[in-house]
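Down below is the structure, laid out as structure tokens.
There are 4 protein chains.
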Amino acid sequence: MAKKDIFNVPSLGECKIDSPLKMSSETGDLIVNYVNDNETILYNIDGKITEKETLESREKLMKAGPRKQIYFNPKHVHAGIVTCGGLCPGLNNVIRAIVRCLWYSYGVRRITGIKNGYKGFLPEYGYEPIELSPDIVDDIHKLGGTELGSARGGGDKVTEIVDSIERLNLNMLFTIGGDGTLRGARDIAEEIKKRGLNISIIGIPKTIDNDISFLEKSFGFETAVAKASEVVAAAHTEAHSVHNGIGLVKVMGRESGFIASHTAIAVHEANFVLIPEVKFDIHGENGLLEHLKARLKRRQHAVIIVAEGAGQGYLEAKNKETDASGNKKLQDVGIFLKEEISDYFKKEKMEVNIKYIDPSYIVRSAPADATDSFYCSRLGAHAVHAAMAGKTSTLISYLNNHYIYIPIDVAVSKRNYVDPEGNLWRDVLEATQQPFSMTNN
Amino acid sequence: MAKKDIFNVPSLGECKIDSPLKMSSETGDLIVNYVNDNETILYNIDGKITEKETLESREKLMKAGPRKQIYFNPKHVHAGIVTCGGLCPGLNNVIRAIVRCLWYSYGVRRITGIKNGYKGFLPEYGYEPIELSPDIVDDIHKLGGTELGSARGGGDKVTEIVDSIERLNLNMLFTIGGDGTLRGARDIAEEIKKRGLNISIIGIPKTIDNDISFLEKSFGFETAVAKASEVVAAAHTEAHSVHNGIGLVKVMGRESGFIASHTAIAVHEANFVLIPEVKFDIHGENGLLEHLKARLKRRQHAVIIVAEGAGQGYLEAKNKETDASGNKKLQDVGIFLKEEISDYFKKEKMEVNIKYIDPSYIVRSAPADATDSFYCSRLGAHAVHAAMAGKTSTLISYLNNHYIYIPIDVAVSKRNYVDPEGNLWRDVLEATQQPFSMTNN
Amino acid sequence: MAKKDIFNVPSLGECKIDSPLKMSSETGDLIVNYVNDNETILYNIDGKITEKETLESREKLMKAGPRKQIYFNPKHVHAGIVTCGGLCPGLNNVIRAIVRCLWYSYGVRRITGIKNGYKGFLPEYGYEPIELSPDIVDDIHKLGGTELGSARGGGDKVTEIVDSIERLNLNMLFTIGGDGTLRGARDIAEEIKKRGLNISIIGIPKTIDNDISFLEKSFGFETAVAKASEVVAAAHTEAHSVHNGIGLVKVMGRESGFIASHTAIAVHEANFVLIPEVKFDIHGENGLLEHLKARLKRRQHAVIIVAEGAGQGYLEAKNKETDASGNKKLQDVGIFLKEEISDYFKKEKMEVNIKYIDPSYIVRSAPADATDSFYCSRLGAHAVHAAMAGKTSTLISYLNNHYIYIPIDVAVSKRNYVDPEGNLWRDVLEATQQPFSMTNN
Amino acid sequence: MAKKDIFNVPSLGECKIDSPLKMSSETGDLIVNYVNDNETILYNIDGKITEKETLESREKLMKAGPRKQIYFNPKHVHAGIVTCGGLCPGLNNVIRAIVRCLWYSYGVRRITGIKNGYKGFLPEYGYEPIELSPDIVDDIHKLGGTELGSARGGGDKVTEIVDSIERLNLNMLFTIGGDGTLRGARDIAEEIKKRGLNISIIGIPKTIDNDISFLEKSFGFETAVAKASEVVAAAHTEAHSVHNGIGLVKVMGRESGFIASHTAIAVHEANFVLIPEVKFDIHGENGLLEHLKARLKRRQHAVIIVAEGAGQGYLEAKNKETDASGNKKLQDVGIFLKEEISDYFKKEKMEVNIKYIDPSYIVRSAPADATDSFYCSRLGAHAVHAAMAGKTSTLISYLNNHYIYIPIDVAVSKRNYVDPEGNLWRDVLEATQQPFSMTNN
């Protein structure tokens, strides 16, 4: 991607209206400051400098925050909020923060919640939007889930959605969702541009898997790790309380093993972590099962964390094999592994006791913990500042310890992965004492 | 401070021994990699470039991690660990991580825990050191506090401490503590150097107030905010359940209002936050009490968070006034405020109901939550890698999203503060809706 | 008290209306059954039978539950709910249960919440009552405190209260409160009777101290013990992490040491428990301080739980001594003890480290845990069944494993105490290993 | 069962040794009292007296507690502890309480933990018993599971077990387990009697399902309900956050619906509760599915709690049908229901979103909460008092608000069920608003 892609946060136009926030533009007056579009941080902060590289040649990321001049007159603003995709801790916190910042900081009085994801824009579903205000959202951060309801899909019906946005007379829309949702938001913004409308589309990235690029940490991730850690502790208790007990926990992570990796380091009680980014063999002398057997011989119990996207090669192979009988269950790597382990030890004539736990819904639906609650508040407020300043097709992100604005287009251009050679995975290996590699060749 | 101060991590000498970790130095072989001393990140990541500034002219921070060549032969290592100062969530996690990394990754078998802070080195106290091993520390991360015991002071008796280190025959010492402890560690390292000894002194920064510079976030901080948030929620419940209820919570923060600020944003229920960095008046038309009265008139309840170091100007004045009677209680800003508020509303003939909570011990002694547990594990492991590679007088830190090594001397050269004009305080003001300034002129 | 006092639950008159609950009066039809006034349990269940005693001679307690015939026509019911006195976990759960049972089970549609205790009835305060419905109370059980607000006092203004009840046109009132509140409820019921009105007054006993007689366990008590246990664990961590650390925790219990006793047994980490029912000396060779010193010599740390009503003899004496200087702080047994301990060890030239925690507000304001949530639901429903059946001046209680109805007059006739010779205190002594007696003669 | 069965707690013989506990036998001396075998409570406390019934004719239950005279000389005691069957919160608390009471109160110094249930007695497994002391068990109550390990089965090998008990030279054995375990304990006690040995066998009833008769509440039950409540709250969040969301939670309860019933009342968010004791139809106009559809039409989300033993009639039928293909998964009522619901709404062409959660391992492995921790401490201590006084084949129980001793034989003679016509189920129906009956005829 070109450097300017990062820098050039799309905008609806010039900001000519004085912000009602009454902050300061001066340093030293002890009044909190506005942020201006020229304030940036470096994207690449590597201390290693390639030949001819200069500071100017490194991409910059625009700092988020309230602008002194804004694009929209708060009195004329009608804001919409929509939550899409699977649940994630903190959704309600973000909704609440957006509503409160619009209402209290800018004085916006028309805020509408779109029900059940993008489908809430589509007339065929008949979902009625709801009015939002600080009173209505006052306590929702104490609950998990989303008060607006969520749903997958619908984001491809861009024309209908923009029609609906026009009918509702929205001039800003906050979309909270993952990769697909954000692509939808970008497409909506493009359609809006095509129609010559002045509507700001702002994305707040939601991915419990933490796999969105250009985002240091997704909201809800810390809560997810905390909940997953509780479950791994339970699995450890089960495994530890019987002879040759095996606790097997499946955690979220379709393409990225961040939850699995963080949980393993946080909870200290896992012996094997399997993630999509690191290939492993199940059978063979350097495969998982042999190492598991050795661990049981040594300690009489073991705990395995498997990310849902790990070992998909096995599942695809297996799926083909069983195409005729159509056993859909085997697409679940947790159940697959449970059966492989069980079969193996039966053959080995070694009595083991497997306890398999799939805590996904418990993890997803948890209310945000304090760390995430703090984070969501600030993401929500920064989203409002972006919209009020006329940014559009823009994502609120957090990178290199700063809140930033980044074009959605850039953010969805690639995913975030655990580097199998990097320091996170290294610390997982140290925490678990599992072999550096569990492949046979 | 000069740039080289940051870069030049002190070292005992050349690393000539192959690390037993069997990692890789190549990229692309899918084996986790060693880190070498040339790997750095930029300290200043501001995108704004001053004239003539180049990438080369910006200070670099050395990346933490295991080195391919190490200084100490693991078989000859005798490591010591000491925890100093007040309690902080995660102390046991750090101890555990150090012991496990030494034992499992490097094969070190002699690890000694020094009891009760630096005093454990001083013969006059007669505290016996204890032997540590993975079995002994296996479950300590589930408990708050420190299994080694802690104490304040003693760090100025450098000669005696180094004598004691020599007697114990330690060749590496991990000191976990705050500003004062780290200064002590630096002085110990200097004395060691003077004596021509090859002993590595590594500091792991502990400050529940998050006020150590060159450190993005101190361990235990997230847990502290989470616990403080629970207490502010309790104060809100108390305030909300009576007419004109006022919940007043004192949180830690002698010189920095980080816990107060994070808690206010995380918990959403505070109306006034008072921190050391931001001056405020209690009386007068723009003082706290007038704003508090207005809030009560409007909503019939209010919640105040005060950092322990806030408003010290008042306490000093008050202290002078009452020197004769020697009322020590007034040095506590929480109790002082409670009485000021109470007196004021008595004069105003407005019945209020104040509930004052000081949760400090509950916050300090909490076991680390998952976020901090993860963080402590990694800090501890990085400390071991530093010591094994012969770094000394070195702090393990986390900055710009990377674990780094930094000379202790640099880290203790200044403190970390909430910027009254910066974005954290701005988001506090938005969350609380308190006035930008509560001073009368 | 005479047997009939227990049995004779006051009633407004004959029940002539068919309950809308459509339950069954037959056993064996697999439909849940109504309860009738003849269903009772024994109050005294001692197996030891005194001479001439017969089953008939033992007092009976009327079982709570829905009656087949009820007194009020649900369509004409206007119910009021009031919460009085200090906070207690579960208040909102009881409010919610009453509203839901009235609304869903009986079809009552007029339910009014009185604000801020009995004061909400008194015109001089000007508190507006609020309308209640299942929607309004749907999530309140997730919050601590009381959504109606609470206040102490006002219950003696019986005439004004009944005037107000008449003005509001209530025909049933649910009062949730402690001893004083219940006496108020009884007096209100008497005044109502005097005026010849048909208004049911039902009490739900609230006492976080668990000191109401004829009540096996008060709601919120389990949550209070759980929260107090967390705090004692924190005090233990503090004490255990320093040399000669002393953790001192004050828990609620003005006249009864139930929270202190249950917490000590639940948490296993207290070494001394001081309660109002058991006399103790502070000084002298068999006093607390000597035993504390011995404990520290043995184990280097100690934890003390003190109920707020313990040692009041000392405070009274002390108060007299210091009358001139008027040091009000000493009425707090926690602070008093802290100072006594501190002074003693200074004299003994033994360095100790005291951490005093007073968690009262944190305990009181906690949301009900699952055990209490279950209990509150059932208390609330039983209260509604009582009112609908025309009971009045009646308390909902739980005794000998059954929900019962009992005249308020009987219930407030004496308090509930920890028996210093009984099995609860015995198990405290076993758990703490403290001396059977800490008095000098 | 005959009255004497309840009363006649089996005993090894006369107690001739003075207890070392130094308690009192007098009332009024303010010293805690011993309990003697004549202290009883009534078993049947119904206030309704049948003709000719007298107080004497009602069965009595012997009060638990320390006896003034004991059977065993503490110096000669070698005690064994064994935990059997599935995990349950509080196992470690009971182990800890037994060890501490033996050690500190009676001065017993030989305590042995049998590993992995009754199998630990059987030589073929080769499990080594472990030595226990207060130091070893000091912190185990903070962990779930059992430090001794547990296993099912082995209890029928009575001869081998008693051989092993003799070899170990135990003179008292504490067996913590469910129905089957207790039958085993009774058989072991009989074999011991046959051999003329003086070994006390004491049972502590463990049943997370709460289905042991003559026991008001089993230990771990409150914790189980609390954990299950969290999961039902998660299911509710999931259901509530999508259109036509259905949360389906399977809880433990093979033959009794206590956990399901208590959870439904505690958590307030279930709409349907299915338990083994109450027959229901899935299909048909009064079946579950029709009511579920109606609920969704009305509120767009629903939560179902199903006890694992509910609807077994369906599973048996289904199992027969599918015998050929041998689909074992269908024996799980949760998965069965999930599929039935899914199929039904497909046919109805109504899009629903089912989230099925099976939290069994998370519930079982939780550490005991404060309520259970308190209860386990006291059960453990009472078990020790029973053994020291030479009781045998005796269960420690809690009934009518008292700790009691009861012959194991009596306790295992029948199970405990939710009465479909009783007040617990009635309150479930009120909480859920589900129909009184969901059968078609």
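Protein chains in written order, with our numbering: chain A, 1 to 441; chain Y, 442 to 882; chain C, 883 to 1323; chain P, 1324 to 1764. Ideal Cβ positions, reconstructed from N, Cα and C, are used throughout, including at glycine. Computed from a predicted model, the values in this text were never measured in an experiment.
So with CB distances below 8 Å, who are the chain B contacts of residue i?
i                       : result
tyrosine 545 of chain Y : Here the protein chains are A, Y, C and P, and chain B is not one of them.
Mind listing the chain C neighbours of residue i? Cutoff is C-beta to C-beta under 8 Å, in chain order.
i                         : result
asparagine 857 of chain Y : Correct list: empty, because the minimum Cβ distance to chain C is about 25 Å.
Output, in chain order, the set of chain A residues within a Cβ distance shorter than 7 Å of residue i.
i                         : result
threonine 1469 of chain P : Ser241
Going by alpha carbons, who is nearest to residue i out of the options?
i                          : options                                       : result
glycine 203 of chain A     : A:Pro407, A:Leu170 and A:Arg426               : A:Pro407
tyrosine 914 of chain Y    : Y:Leu471, Y:Gly531, Y:Lys504 and Y:Tyr547     : Absent from the structure is residue 914 of chain Y, since the part of chain Y shown begins at 442 and ends at 882.
asparagine 1746 of chain P : C:Gly967, C:Met905 and C:Asp1038              : C:Met905
glutamate 14 of chain A    : A:Glu340, A:Phe374 and A:Asn73                : A:Asn73
proline 1343 of chain P    : P:Leu1335, P:Gly1351 and P:Tyr1357            : P:Tyr1357
cysteine 970 of chain C    : Y:Ser682, Y:Asp650, Y:Arg740 and Y:Gly595     : Y:Ser682
leucine 215 of chain A     : A:Ser413, A:Thr439, A:Pro10 and A:Trp425      : A:Ser413
lysine 1075 of chain C     : C:Ile1128, C:Pro892 and C:Ala946              : C:Pro892
leucine 102 of chain A     : Y:Pro646, Y:Met879, Y:Lys788 and Y:Glu871     : Y:Glu871
isoleucine 1511 of chain P : P:Gly1413, P:Arg1749, P:Pro1743 and P:Thr1717 : P:Thr1717
aspartate 919 of chain C   : C:Arg949, C:Ile931, C:Leu1004 and C:Ser907    : C:Arg949
What does DSSP give as the partner residues of residue i in its beta bridges?
i                         : result
aspartate 1369 of chain P : C:Ile923
glutamate 56 of chain A   : The partner list for glutamate 56 of chain A (beta bridge, DSSP) is empty, contrary to what the question assumes.
valine 1334 of chain C    : Because chain C here runs from 883 to 1323, residue 1334 of chain C falls outside it and cannot be looked at.
lysine 583 of chain Y     : In DSSP, lysine 583 of chain Y forms no bridge with anything.
Cβ closer than 7 Å: which chain Y residues qualify as neighbours of residue i?
i                       : result
alanine 1184 of chain C : Per Cβ cutoff of 7 Å: no residues; alanine 1184 of chain C is ~15 Å from chain Y at best.
Starting from residue i, find everything on chain P with Cβ-Cβ shorter than 8 Å and list it in chain order.
i                       : result
valine 333 of chain A   : In chain order: nothing, as chain P lies at least about 17 Å away.
proline 1087 of chain C : The contacting residues do not exist; proline 1087 of chain C stays about 17 Å from chain P at best.
Under 8 Å between beta-carbons, which chain Y residues line up against residue i? List them in chain order, please.
i                      : result
proline 129 of chain A : Chain Y residues near proline 129 of chain A: none, gap ~24 Å exceeds 8 Å.
Mind pulling the chain A residues with CB within less than 8 Å of residue i?
i                      : result
alanine 707 of chain Y : Ala370, Thr371, Ser373, Phe374 and Ser377
List, in chain order, every chain A residue whose beta-carbon is nearer than 9 Å to that of residue i.
i                      : result
proline 848 of chain Y : Per Cβ cutoff of 9 Å: no residues; proline 848 of chain Y is ~16 Å from chain A at best.
Against residue i, what residues of chain P qualify as contacts under a CB-to-CB distance less than 9 Å, listed in chain order?
i                       : result
tyrosine 361 of chain A : Val1554, Ala1557, Ala1558, Thr1560, Glu1561, Gly1570, Lys1678, Tyr1679 and Ile1680
_For the structure I just gave you, are there three or more beta carbon pairs, one from the segment 1717-1737 of chain P and one from the segment 1358-1365 of chain P, closer than 8 Å?_
yes
*asked:* Quick check: the segment 962-969 of chain C against the segment 1039-1056 of chain C, are at least 3 beta-carbon pairs closer than 8 Å?
replied: yes
*Would you call the segment 1556-1573 of chain P and the segment 1705-1715 of chain P in contact, with 3 or more CB pairs under 8 Å?*
no
*Which residues, in chain order, does the segment 1456-1480 of chain P contribute to contact with chain Y at a C-beta distance below 8 Å?*
Asp1462, Lys1465 and Leu1466
_Contact between the segment 259-269 of chain A and the segment 304-317 of chain A (3+ Cβ pairs under 8 Å)_ = yes
*Should the segment 1680-1690 of chain P be called in touch with the segment 1129-1138 of chain C, which here means at least 3 C-beta pairs below 8 Å?*
no
_Count Cβ pairs between the segment 727-744 of chain Y and the segment 703-712 of chain Y that sit closer than 8 Å; are there 3 or more?_
yes
_Residues, ordered as in the chain, of the segment 71-91 of chain A that lie near chain P by beta-carbon distance below 7 Å_ = Leu87
*Any residues in the segment 1084-1115 of chain C with a beta carbon nearer than 7 Å to a beta carbon of chain P? Which ones, in chain order?*
Glu1098, Glu1104, Val1107, Ala1108 and Ser1111
_Three-pair Cβ contact test at 8 Å for the segment 57-65 of chain A versus the segment 176-183 of chain A_ = no
*Quick one, which residues of the segment 1153-1173 of chain C are near chain Y if we go by CB-CB under 9 Å, in chain order?*
none
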